[in-house]
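To start, the structure under review is shown below, and the notes come after it.
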Amino acid sequence: MDFLNAIILLLNYIFVPALTYGSQLALGAIFVTLIYGILRFANFATGDMMAFGTMVTILITWYFQSIGISLGVLPTALLAIPFAIIFMIGYMLFIDKFVFRYYRVNKSPPVQLAMVSIGVMFVTQAVVRIIIGPSDRRFFDGERFIIKAGEVKEMTGLNEGLAIKSSQVMTIFITLVLVSILFWFLNKTKTGKSMRAYSDNEDLALLSGIDPKRVVMITWIIAGILATIGGALYGLDKSFKPFTYFNNMLPIFAAAIVGGIGNPFGAFLGGYVIAFSEIFLTYAYKKFFMYVLPASMEPESLVQLLSTDYKFAVSFSILVIVLLYRPNGIFKGKVL
Amino acid sequence: MRKHLNVIIAYTIMLGLIVLVGIFQSWNVALSIFNMCLISAVMTMGANIQWGYAGLINFGLMGYAALGGLAAVLISVDPVQEAWVAGGFNILMCLWLIVVMVFAVRFVLKNFEKSKIRTYGIAAIIIAGIVIIRITSEPSIEAIESVNPATTGFLGGLGLPIVFSWIVGAFFAAGLAFIVGKVALGLRADYLAIATLLISEIVIAIIKHEDWLTRGVKNVIGLDRPVPYEVELQTKEWFINLVAKFNSGKLDLMTSIADKQATLNQLVIEGSSVFVKLCYSGLFLIVVVVLLIITQKALYSPWGRMMRAIRDNEEAANAMGKNVVKQHLLIFILGSAIVGIAGAMLVTQDGLFTPGSYRPMRYTFLIWVMVIVGGSGNNFGAILGGFAVWFLWIEAAPIAFFLINLFTAGLADTHAFKIHLIESVPYFRYLMMGMGLLLIMRYRPKGILPEKIEIK
Numbered sequence: 003m004d005f006l007n008a009i010i011l012l013l014n015y016i017f018v019p020a021l022t023y024g025s026q027l028a029l030g031a032i033f034v035t036l037i038y039g040i041l042r043f044a045n046f047a048t049g050d051m052m053a054f055g056t057m058v059t060i061l062i063t064w065y066f067q068s069i070g071i072s073l074g075v076l077p078t079a080l081l082a083i084p085f086a087i088i089f090m091i092g093y094m095l096f097i098d099k100f101v102f103r104y105y106r107v108n109k110s111p112p113v114q115l116a117m118v119s120i121g122v123m124f125v126t127q128a129v130v131r132i133i134i135g136p137s138d139r140r141f142f143d144g145e146r147f148i149i150k151a152g153e154v155k156e157m158t159g160l161n162e163g164l165a166i167k168s169s170q171v172m173t174i175f176i177t178l179v180l181v182s183i184l185f186w187f188l189n190k191t192k193t194g195k196s197m198r199a200y201s202d203n204e205d206l207a208l209l210s211g212i213d214p215k216r217v218v219m220i221t222w223i224i225a226g227i228l229a230t231i232g233g234a235l236y237g238l239d240k241s242f243k244p245f246t247y248f249n250n251m252l253p254i255f256a257a258a259i260v261g262g263i264g265n266p267f268g269a270f271l272g273g274y275v276i277a278f279s280e281i282f283l284t285y286a287y288k289k290f291f292m293y294v295l296p297a298s299m300e301p302e303s304l305v306q307l308l309s310t311d312y313k314f315a316v317s318f319s320i321l322v323i324v325l326l327y328r329p330n331g332i333f334k335g336k337v338l
Numbered sequence: 014m015r016k017h018l019n020v021i022i023a024y025t026i027m028l029g030l031i032v033l034v035g036i037f038q039s040w041n042v043a044l045s046i047f048n049m050c051l052i053s054a055v056m057t058m059g060a061n062i063q064w065g066y067a068g069l070i071n072f073g074l075m076g077y078a079a080l081g082g083l084a085a086v087l088i089s090v091d092p093v094q095e096a097w098v099a100g101g102f103n104i105l106m107c108l109w110l111i112v113v114m115v116f117a118v119r120f121v122l123k124n125f126e127k128s129k130i131r132t133y134g135i136a137a138i139i140i141a142g143i144v145i146i147r148i149t150s151e152p153s154i155e156a157i158e159s160v161n162p163a164t165t166g167f168l169g170g171l172g173l174p175i176v177f178s179w180i181v182g183a184f185f186a187a188g189l190a191f192i193v194g195k196v197a198l199g200l201r202a203d204y205l206a207i208a209t210l211l212i213s214e215i216v217i218a219i220i221k222h223e224d225w226l227t228r229g230v231k232n233v234i235g236l237d238r239p240v241p242y243e244v245e246l247q248t249k250e251w252f253i254n255l256v257a258k259f260n261s262g263k264l265d266l267m268t269s270i271a272d273k274q275a276t277l278n279q280l281v282i283e284g285s286s287v288f289v290k291l292c293y294s295g296l297f298l299i300v301v302v303v304l305l306i307i308t309q310k311a312l313y314s315p316w317g318r319m320m321r322a323i324r325d326n327e328e329a330a331n332a333m334g335k336n337v338v339k340q341h342l343l344i345f346i347l348g349s350a351i352v353g354i355a356g357a358m359l360v361t362q363d364g365l366f367t368p369g370s371y372r373p374m375r376y377t378f379l380i381w382v383m384v385i386v387g388g389s390g391n392n393f394g395a396i397l398g399g400f401a402v403w404f405l406w407i408e409a410a411p412i413a414f415f416l417i418n419l420f421t422a423g424l425a426d427t428h429a430f431k432i433h434l435i436e437s438v439p440y441f442r443y444l445m446m447g448m449g450l451l452l453i454m455r456y457r458p459k460g461i462l463p464e465k466i467e468i469k
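Residue numbers (this note's numbering), protein chains in the order written: chain Z, 3 to 338; chain H, 14 to 469.
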């Protein structure tokens, strides 16, 4: 019985939250990695683009709520996401046309494009804050929990309850579906293959008649989809605050590089690597050992490897170690 | 003379703008903008050395600035005797352990051939070291933090004059830059940017949460000043006379003694804070001028030419027998040290150290905007960038306010849209920075004052 308690404890406090957080990071990391692989620059506006997509989702959700449309137990935001995606794709293509295209055509060095993306970051951040304000916003409606801690306790008679939020299940489910479609698209369709070819060797791809404009446009469209869904899922699960989104850019970068930048599958797994290690290393295992070990061996301290204050620092340290030992990431990405 | 015409014009306009603020807003505001401009100028010089001279991207400026600030605390605060008694010995032991650990790793690195076993051995040494350090330090950290936590709760510093911290801050930042440079300098440009950004976040996390050293988010307030305090100045005879002399024309016009006294008192209070700011300006100007002379000399020395050669063509420089890796590390350390000085100056001016306020937006990206806008590779450009961007950063809100009122003049003051816009005035500065950066990158990619290579 104690053993079951311990497992449920870990599931509740480590596994489910880490899987959710990892999915959110993974979507962002694929976004970063695609832009890096095909457009060849580190996009520092990632976090703020996601914030922008989420903001549009929230605005549309509010509109739907005001005219009385809802999805019942599901949050209204799910209905708003497709519209937000359309808007977001327009935004991405707009930015590409008026900002990034000039440098791409002129074959500017990647550093210059990264600097330009900082300009985009400033502008996007300002627009988001001017439109919706810097404060915390919750836009989740519908049924909050799928499994409630109290019910589990009653049903099984265990000490530990398992609580699963519907936003967590939604996040994991949508991420898996989206990522599967994306990989199918990249690996099986002609357009996806042409994108991979372009990422691998631009000149050869051009020689084989791949249209670079089309590849770039499709990349931005996918980026818009990923940014909106990734941002909206994070906002549904936690809450929407522009500053948090800006900060999330850092673990997202870490995930993309750990997974091998330019490699979408690596970025996907990298998100989970970062999320799990953050939560594993900062969780206090005292209660877990109380269940597993006999009473005489119970630990006195919290058995916490690192204080939760260092949550972000963990992912960055992993990144530094990976950069030191495997500079092209755990799963081979582009050689640096 | 003609060659430097654009520099002179740009600086005249910039100073003219600050003087205009002095005339229309107040001299107090103008001087505080001027002081922050000087500090920003030091930071941009640091970034410019790395980016403009050598082409290295350092997005970790925030971390070095914070370390400089930490130096100001550790130098100027009086030592907390009780805390040292409570846990000082253990902390020193831990420092010693860290040194031992580093030497053990170095020993293994030097004496064993590269292999998997060596890698695991090093990992084992580091993990064991961290565990031992945590076990020894934990009780003493708790003891230190429980010494009078409302006012101290940390070890304090050395109790020396705070100006020394400007040099110590440089050394702190240089030390960090050495470690970061060893780890990350081999990476390609944009990876270096990301890696330095993330490492600086780690540094901030440590400064924020190691309360025994820095008081963490409880902040350190009331640091010593290198300049007189306003309250003391207001009671000094010579200062009152000075203010009276300066404003004699205005005072002579008044007839009643009581009126005269009241006006004089008011003027003394205003004058004291202007005087304090002027003292800071003097100190900061010395730093800026000294650094400018050194960096200009370096830029046009054989060493500067070598750095530019490395920047423009690494392989060729390498083939000519220049040690690119070593020079990169050197310039990374030098630039970071200058940013450390700026960090210490900033904390000195504010008189308080708030680890929570170190955010990449303000201390990394804004400084980079300054470098790019001003003109990378040109020290005068970098300083001008620091001035112009900081000026805009502060004056963005009034400008935005003016523009909003202008464009929504047709709407009533109670209109929801207008109220919303006016409430979000503070965020227009981000918009201006972003637009400024994008426009400069597009139409004047070398900045306002571009780099000029002179062959003398």
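In this text, a Cβ means the ideal position worked out from N, Cα and C, and glycines have one as well.
Quiz item: Which one or two residues does DSSP pair with residue 306 of chain Z in a beta bridge?
Solution: DSSP, once it has assigned bridges, lists Z/286 as partnering residue 306 of chain Z.
Quiz item: Is the distance from the Cβ of residue 221 of chain H to the Cβ of residue 369 of chain H below 8 Å?
Solution: The Cβ atoms of residue 221 of chain H and residue 369 of chain H lie closer than 8 Å to each other.
Exercise. Using a Cβ-Cβ cut-off of 8 Å, state whether residue 214 of chain H counts as contacting chain Z.
Key: Interface residue, yes.
Self-check item: Contact residues within the segment 105 to 116 of chain H, judged by C-beta distance below 7 Å to chain Z
Solution: Within the segment 105 to 116 of chain H, not one residue has a Cβ closer than 7 Å to any Cβ of chain Z.
Quiz item: Would you call the segment 171 to 179 of chain H and the segment 333 to 345 of chain H in contact, with 3 or more CB pairs under 8 Å?
Solution: The segment 171 to 179 of chain H, when compared against the segment 333 to 345 of chain H, does not touch it at the 8 Å Cβ threshold.
Quiz item: Could you give the residue range of the alpha helix (DSSP H) that holds residue 252 of chain H?
Solution: Element bounds for residue 252 of chain H: 250 to 259.
Quiz item: Is the Cβ-Cβ distance between residue 441 of chain H and residue 413 of chain H less than 8 Å?
Solution: Less than 8 Å separates the beta-carbon of residue 441 of chain H from that of residue 413 of chain H.
Exercise. Excluding the 5 residues preceding and the 5 following residue 228 of chain H in the sequence, name in chain order all residues of the same chain whose CB lies nearer than 6 Å to its CB.
Key: So the list reads 167, once near-sequence residues are dropped.
Exercise. Pick helix, strand or coil for residue 291 of chain Z, following the three-state DSSP scheme.
Key: Three-state result, residue 291 of chain Z: helix.
Quiz item: Using a Cβ-Cβ distance under 8 Å, would residue 274 of chain Z count as near chain H?
Solution: Chain H, which has no Cβ nearer than 8 Å to the Cβ of residue 274 of chain Z, makes this no.
Quiz prompt | Chain-ordered chain Z contacts of residue 191 of chain H [CB-CB under 9 Å] | solution = None at all; the shortest Cβ gap to chain Z is about 15 Å.
Exercise. Could you tell me which of Z/23, Z/130, Z/6, Z/8 sits nearest to residue 257 of chain Z, measuring between CA atoms?
Key: The shortest CA-to-CA distance from residue 257 of chain Z to any of Z/23, Z/130, Z/6, Z/8 is the one to Z/23.
Quiz item: How long is the line joining the alpha carbons of residue 268 of chain Z and residue 55 of chain Z, rounded to whole angstroms?
Solution: Within the model, the alpha-carbon separation for residue 268 of chain Z versus residue 55 of chain Z is close to 24 Å.
Exercise. With DSSP as the reference, label residue 454 of chain H as helix, strand or coil.
Key: Reduced to three states, the DSSP call for residue 454 of chain H is helix.
Quiz prompt | Identity of the residues DSSP links to residue 167 of chain Z by a beta bridge | solution = For residue 167 of chain Z, which the question treats as bridged, DSSP gives the partners Z/147.
Self-check item: Under 8 Å by beta carbon: chain H residues contacting residue 28 of chain Z
Solution: None at all; the shortest Cβ gap to chain H is about 18 Å.
Practice problem: Report the neighbours of residue 443 of chain H on chain Z: residues whose CB is nearer than 8 Å to its CB, in chain order. | Solution: Near residue 443 of chain H (Cβ distances below 8 Å), the residues of chain Z are 124, 125, 127, 128, 131.
Quiz item: Who are the neighbours of residue 102 of chain H on chain Z, taking C-beta pairs under 9 Å?
Solution: None at all; the shortest Cβ gap to chain Z is about 22 Å.
Self-check item: Nearest-angstrom beta carbon gap, residue 90 of chain H and residue 233 of chain H [assumed within contact, 8 Å]
Solution: About 7 Å separates the two Cβ atoms, so the contact holds.
Quiz item: Counting Cβ pairs, one atom from each stretch, are 3 or more of them under 8 Å apart for the segment 196 to 208 of chain H and the segment 259 to 276 of chain H?
Solution: The segment 196 to 208 of chain H vs the segment 259 to 276 of chain H: no contact.
Quiz item: Going along the chain, which residues of the segment 185 to 211 of chain H sit with their C-beta nearer than 8 Å to a C-beta in chain Z?
Solution: Only 196, 197, 199, 200, 201, 202, 203, 204, 206, 207, 208, 210, 211 from the segment 185 to 211 of chain H bring a Cβ to less than 8 Å from some Cβ of chain Z.
Exercise. Please list the residues of the segment 446 to 457 of chain H that have a C-beta atom closer than 9 Å to any C-beta atom in chain Z, keeping them in chain order.
Key: Taking 9 Å as the upper bound on Cβ-Cβ separation, chain Z lies near residues 446, 447, 448, 449, 450, 451, 452, 453, 454, 455 of the segment 446 to 457 of chain H.
Quiz item: Which residues in chain H sit within 9 Å of residue 43 of chain Z, going by Cβ to Cβ distance?
Solution: Identification of chain H residues near residue 43 of chain Z by a Cβ-Cβ cut-off of 9 Å yields 203, ordered along the chain.
Practice problem: Let me know the secondary structure DSSP gives residue 140 of chain Z once reduced to three states. | Solution: Residue state, collapsed to three classes: coil.
Practice problem: For chain A, find out if any of its Cβ atoms is closer than 8 Å to the Cβ of residue 159 of chain H; answer yes or no. | Solution: Of the protein chains in the structure, Z and H, none is chain A.
Practice problem: Indicate whether residue 83 of chain Z and residue 234 of chain Z have their beta-carbon atoms separated by less than 8 Å. | Solution: Going by C-beta atoms, residue 83 of chain Z is nearer than 8 Å to residue 234 of chain Z.
Exercise. Quickly, what does DSSP pair residue 76 of chain Z with across the bridge? List them, please.
Key: For residue 76 of chain Z, which the question treats as bridged, DSSP gives the partners Z/73.
Practice problem: With DSSP as the reference, label residue 402 of chain H as helix, strand or coil. | Solution: Note: residue 402 of chain H maps to helix in three-state DSSP.
Exercise. State the Cα-Cα distance for the pair residue 152 of chain Z and residue 163 of chain Z, rounded to the nearest angstrom.
Key: Whole-angstrom Cα-Cα distance: 6 Å.
Practice problem: For residue 239 of chain Z, count neighbouring Cβ atoms within 10 angstroms of its own Cβ and tell me buried if that reaches 16, exposed if not. | Solution: Flag for residue 239 of chain Z reads buried.
Quiz item: Name the residues in the segment 291 to 323 of chain Z whose C-beta lies less than 7 Å from a C-beta of chain H; which are they?
Solution: Within the segment 291 to 323 of chain Z, those residues whose Cβ lies closer than 7 Å to any Cβ of chain H are, in chain order, 309, 311, 312, 314, 315, 318, 319, 321, 322.
Practice problem: Could you tell me whether any Cβ in chain Z is nearer than 8 Å to the Cβ of residue 371 of chain H? | Solution: No, residue 371 of chain H does not count as interfacial toward chain Z.
Exercise. Can you pull the chain H residues whose beta carbon is under 9 Å from the beta carbon of residue 255 of chain Z, in chain order?
Key: By Cβ distance, chain H contributes 207, 210, 211.
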